[in-house]
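J.: Take a look at this one; I'll ask things after.
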Ligand code: HEM
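This is how it looks when you write it as C-alpha cells:
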C-alpha cells in the first residue's frame with residue numbers, strides 16, 4: 010500500500026461521507042448520523058495516515074520534505090483541514106445537518122487533486138526557492154485560513170437556504186432541522202474571524218519567507234496581491250457587520266463570495282496569471 | 160472642520176476606501192508591471208477577445224492610457240499612494256475619535272450601577288436561598304466566585320452588591336490591530352526612504368563594490384567589496400535544480416574580512432546589507448584549478464573555451480579543447496596539456512572533480528568547472544524589523560479582539576420578607592452566545608455550592 014493508493018481511497022470515502030450526510034439531511038436519521046460522524050472520522054484518520062506515508066516516502070526517495078509543496082499536496086491538505094475543522098464544529102455544536110454543506114468541499118478538493126489531468130501527483134524534490142522552513146508554516150497557516158473560509162461559505166449557503174424558506178413562512182420540512190438563523194450567523198462570523206487570523210498569519214509568514222529568500226517582503230506579485238485583496242475582502246466584511254443595517258443575509262452572501270476570492274487566490278492565480286508562485290502549475 | 164473630522168472618523172469611509180484599494184489592486188495583477196511603452200503596445204495588440212486580437216492601433220491607445228495613469232507601476236503611483244494615505248488618516252482619526260470612549264468603558268465604575276440599570280440587562284438569573292443573612296451570603300458568595308476564577312470587587316456603599324469582570328483591556332484589541340497597520344506602513348516607509356534594493360551579476364573570480372538599483376539601475380556604492388569565489392549548481396537525479404550556491408568574500412581596503420557560503424534562503428549579511436542568491440548565468444568559459452603536487456603550488460585561472468593558457472609557475476600550457484553536454488548540463492571536457500619539454504597530452508575530465516595527471520615524473524591535478532556569474536539580490540532595509548513588529552502586533556491584536564471579551568457580572572442579594580435570593584446580571588461586549596453559556600454554568604455552579 011502506498012500513499013497515492015491511500016489518498017485515492019480517501020477521495021472515495023469522502024464521497025461516501027457526503028452521501029451519508031445527504032441522507033442525514035434528507036431523512037433526519039439519527040442512526041445514519043452517528044455512522045456518518047464515525048465514518049468521516051475514520052476517513053480522516055486514514056487520510057492522515059496517507060499524508061504521513063507520503064512524507065515518509067519522500068524521505069525514502071532521498072529528498073525528504075513535508076507533503077505541502079505542490080498543488081496536489083495542497084489540495085490534500087485543504088480537504089484534510091476542512092474535515093478537521095468540520096469535525097470540531099460538529100462536536101462543538103452537536104449538529105450533523107451542517108455536514109452536507111461542508112463535507113462536499115473536502116470531497117471536491119480530493120477529487121480534483123486525484124483526477125484532474127493537469128495536476129502532477131508525483132513526489133518531487135524541492136527547487137531551491139522552496140527549501141525553507143517557512144514553506145511549511147506558510148502553507149499550513151494559509152490553508153487553515155482557506156479551509157475556515159470554505160466552512161464559512163458552506164454555512165453561508167445553509168443560512169441563505171434557510172432564510173429563503175423562512176421568508177416564505179413555511180418553517181417546516183428539511184430546513185427546519187437546521188440550527189436557528191442567529192446561531193448559523195454566529196458560526197459564520199466566528200469561522201470567518203478564525204479564517205481571517207490564519208490568512209493574516211499566512212500573508213505574514215509568506216512575507217517573512219520572501220524576505221529571507223529574496224530580500225523583499227512584498228513585491229506585488231499577483232499571488233501576493235490577490236491574497237491581500239482577499240484579506241481586504243474579509244476585513245471589509247468584518248467592518249460591514251459593524252455598521253448598522255446589514256443583516257445576516259448580507260453577511261452570508263459575503264461569506265459565499267469570499268470563497269470565490271479565496272479560490273481565485275489559491276487556484277486561479279496559478280493557472281491564469283504568472284508570478285513567483287508558479288510552482289503550482291507544474 | 161467638524162464635518163471633515165466626522166468624514167474621516169466614519170467606518171463607512173473605511174469600507175469604501177478598502178473596497179477601492181481591493182478593486183484597483185486587481186489591475187496590477189492583470190497587467191504585468193514595470194515594462195516599457197513598446198512592451199505594452201505589443202501586449203495590448205495581442206490581447207484577443209473572441210478570437211480577434213486588438214491590433215496595433217487599439218494596442219497603442221491602451222498603452223497610452225496605461226502609462227498615462229501609471230498603471231504600469233500602479234502600486235507606487237500617486238493615486239495608489241493617495242488611497243493608502245486616506246486609509247491611514249481614516250485609521251488615525253477613527254482611533255482618536257473612539258479611544259476616549261473605550262477608555263471610559265474600561266475604567267467605568269461598575270459598582271455604582273443602579274438597580275434600574277441592572278434590571279435592563281437581558282442576561283440575568285435568580286438563585287433562591289434558605290439562608291436570610293445577607294452578610295454571610297455575601298461572604299460565602301465571595302469565596303465561591305473567586306474560587307471559580309472571577310476576582311471580586313465589593314462596593315463600599317452597597318453591602319448587598321458584588322461585582323466581577325474579566326479582560327476589560329481586551330476592548331483595546333481592535334485598536335492594536337489598527338495600530339499595527341500604521342506600524343507596518345511606517346516600516347515600509349523607513350525601508351523606502353533609508354534602504355535600497357539592488358542586484359548584480361558577478362562572474363566567478365571577479366569582485367565589485369557597486370551594485371545596481373532595481374528601481375532605476377543607478378549605481379549604489381556598497382562601501383566595501385564583494386568577490387565571487389565560485390558558483391555551483393547542483394541537480395537532483397531527475398535533472399531538477401537542487402541548489403544554487405555561491406562562495407563570497409567580503410573585502411575592505413583589499414583585505415579579506417569575511418567569507419560566506421550563500422544559498423537560496425541563506426543570505427549573507429554584512430554591514431546592514433544583505434546578499435541573496437537570486438539567479439545565475441552560465442558562460443562558455445571555464446574556471447580551471449591546477450595543482451603541481453611536488454612543488455605544491457596552485458592556481459585558479461579563467462579559461463576561455465579552446466584557447467591556450469600559460470601557467471608559468473607550474474611551467475605548463477593547457478586548454479579546454481572540447482566539451483560534451485547532456486541536456487544542457489556539462490558532462491565531460493577534453494583537456495590538452497603540455498610542458499615545453501614533452502609531447503602534449505589530451506584526456507577527458509569530468510566537471511567539478513579533481514583529476515590527477517602526470518607528465519613524466521611530475522604529478523599534477525586539474526579541476527575544471529564551467530564558469531558562471533552569480534546573480535545576487537542586494538538589499539538594505541532598516542524598516543524590516545518595524546514591519547515585523549507591526550505583524551506581531553497585528554496577530555496579538557487579532558487574538559485579543561477575537562478571542563477575548565470584556566465580561567462583567569454583578570451579584571445582588573435581595574431580601575424581600577421571608578424569601579432571599581441572589582440575582583446575577585451579566586453583560587459582555589461581544590460573543591454573547593458564548594458568554595450566555597459561561598454565565599449559566601457559573602450560575603449553576605454557584606447555586607449548587609451555596610445551597611449545599
Ligand atoms: C486594513 C485595514 C483594517 C483592518 C485589517 C481592520 C481590522 C479590524 C478588525 C479585525 C476589527 C474587529 C472586527 C470585529 O470585532 O468583528 C475591526 C473593527 C473596527 N474597525 Fe477596523 N480595520 C481596518 C481599517 C479600519 C479603518 C480605516 C477604520 C476607520 C474608521 C476602522 C474602524 C473600525 C471600527 C470602528 C471597528 C469596530 C470597533 C469596535 O468593535 O468597537 N477599521 N477592524
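Chains as they are written, first to last, in the numbering used here: chain A, 10 to 291; chain H, 160 to 611. Cβ coordinates follow ideal geometry from the N, Cα and C atoms, glycine included. Keep in mind it's a predicted model, so treat the numbers as computed, not measured.
1. Should residue 164/H go down as buried or exposed, given a rule of 16 or more other Cβ atoms within 10 Å for buried?
2. Just how far apart, CA to CA, sit residue 98/A and residue 147/A?
3. Beta-carbon within less than 6 Å of residue 459/H's beta-carbon, same chain only, minus the 5 sequence neighbours each way: which residues are those?
4. Could you pull out every residue in the same chain whose Cβ sits closer than 7 Å to the Cβ of residue 52/A, ignoring the five residues on either side in sequence?
5. Which term fits residue 188/A, buried or exposed, when burial requires 16 or more other beta carbons within 10 angstroms of its beta carbon?
6. When the Cα atoms are used, what is the spatial distance from residue 208/A to residue 250/A?
7. Could you list the residues in the segment 402-418 of chain H with a C-beta less than 7 Å from some C-beta on chain A, going in chain order?
8. Would you say residue 177/H and residue 245/A are within 7 Å of each other, going by their C-beta atoms?
9. Output needed for residue 205/A: all residues of its chain with C-beta closer than 6 Å, excluding positions within five of it in sequence on either side, in chain order.
10. Could you check if residue 306/H belongs to the surroundings of the ligand ATP, using beta carbon to heavy atom distance under 6 Å?
11. Looking at the strands, I want to know which residues DSSP matches up with residue 573/H.
12. Please list, in chain order, the residues of the segment 475-505 of chain H that have any C-beta partner in chain A closer than 8 Å.
13. First and last residue of the beta strand (DSSP E) that includes residue 492/H?
14. For the alpha helix (DSSP H) that contains residue 173/H, what are its first and last residues?
15. Checking contacts by CB at 7 Å: is residue 12/A closer than that to chain H?
16. CB residue 258/H to CB residue 327/H, shorter than 7 Å?
17. Any contact of the segment 293-305 of chain H with the segment 316-333 of chain H, i.e. 3+ C-beta pairs under 8 Å?
18. With a 10 Å radius around its C-beta and 16 neighbouring C-beta atoms as the bar for buried, classify residue 185/A as buried or exposed.
19. For residue 459/H, which beta-bridge partners are listed by DSSP?
20. Please tell me whether, using a cut-off of 6 Å, the distance from the CB of residue 661/H to the nearest non-hydrogen atom of the ligand HEM is below it.
21. Interface residues of chain H around residue 248/A at Cβ under 7 Å?
22. Counting only beta-carbon separations shorter than 7 Å, does residue 423/H have a partner in chain A?
23. So, with DSSP's three-state summary, where would you put residue 484/H?
24. If the criterion is Cβ atoms closer than 7 Å, does the pair residue 193/H and residue 204/H meet it?
25. List, from N- to C-terminal side, the alpha helix (DSSP H) runs of 4 residues or more that fit wholly inside the segment 184-244 of chain H.
26. With a cut-off of 8 Å on the beta carbons, I'd call residue 59/A and residue 15/A a contact; round off their distance for me.
27. At 3 residues or longer, and completely inside the segment 353-436 of chain H: list those beta strand (DSSP E) runs for me, N to C.
28. What are the start and end residues of the beta strand (DSSP E) that includes residue 330/H?
29. Starting from the beta carbon of residue 76/A, find every residue of chain H whose beta carbon is closer than 9 Å, and list them in chain order.
30. Quick one: is residue 188/A near chain H, going by C-beta distance under 7 Å?
31. Could you tell me which of 71/A, 136/A, 194/A sits nearest to residue 168/A, measuring between CA atoms?
32. Could you tell me the alpha carbon to alpha carbon distance between residue 537/H and residue 236/H, rounded to whole angstroms?
33. With a threshold of 6 Å, establish whether the CB of residue 340/H neighbours any heavy atom of the ligand HEM.
34. Going by other Cβ atoms of all chains shown within 10 Å of its Cβ, with 16 needed for buried, is residue 394/H buried or exposed?
35. For residue 234/A, count neighbouring Cβ atoms within 10 angstroms of its own Cβ and tell me buried if that reaches 16, exposed if not.
36. Between the C-alpha atoms of residue 218/A and residue 135/A, what's the straight-line distance to the nearest angstrom?
T.: The structure says:
1. exposed
2. 24 Å
3. 448
4. 19, 22, 23, 26
5. buried
6. 19 Å
7. 402, 403
8. yes
9. 243
10. Judged by which ligands are present, the ligand ATP is missing from the structure shown, whose ligands are the ligand HEM.
11. 580/H
12. none
13. 488-497
14. 170-189
15. no
16. no
17. yes
18. exposed
19. 448/H
20. Residue 661/H lies beyond the range of chain H shown here (160 to 611); nothing can be said about it.
21. 170, 173, 174
22. yes
23. strand
24. no
25. 196-204, 214-227
26. 3 Å
27. 355-362, 366-372, 378-394, 400-411, 414-422, 427-429
28. First-last for residue 330/H: undefined, no H or E at that position.
29. None at all; the shortest Cβ gap to chain H is about 17 Å.
30. no
31. 194/A
32. 24 Å
33. yes
34. exposed
35. buried
36. 15 Å
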